[in-house]
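This report refers to the structure that appears directly beneath it.
Residue numbers (UniProt numbering): 1 to 95.
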């Protein structure tokens, strides 16, 4: 099993509606990408957030599934409009 974690800092001017769309679209990846077994995403509640306002965790069957996710057309469509809105950080690890 591979865990993919991410956190986003919003770029200036991102609206509340755009933030909600990000959450909705990430949740919608579930069931569309083979090997993506579970997805959690939400607003960061930590007082030590360092400005990262949104976080998420995805559980993949294996490393090959995570690698396939990166190039999957559904993920690429999400990235096409998401990348200009965020400063991301990611951590991936096997468990």
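C-beta atoms are modelled at their ideal positions from N, C-alpha and C, and glycine is treated no differently.
A quick note: this is a predicted structure, and the numbers were derived from the prediction, not measured.
Identify the continuous alpha helix (DSSP H) that holds residue 73 and give its terminal residues. 73-82
With contact counted as at least three CB pairs below 8 Å, one residue from each stretch, are the segment 47-55 and the segment 27-37 in contact? no
Which ranges does the beta strand (DSSP E) cover as unbroken runs of at least 3 residues, wholly within the UniProt domain "Stress-response A/B barrel" (2-95), from first to last along the chain? 2-10, 36-43, 54-60 and 86-94
By a C-beta neighbour count over all protein chains shown, 10 Å radius and 16 as the cutoff for buried, is residue 28 buried or exposed? exposed
Which residue's Cα is closest to the Cα of residue 45: 94, 70, 64 and 7? 7
From residue 73 to residue 64, what distance separates their C-alpha atoms? 16 Å
Residue nearest to residue 11 in terms of C-alpha spacing, selected from 67, 1, 66 and 51: 51
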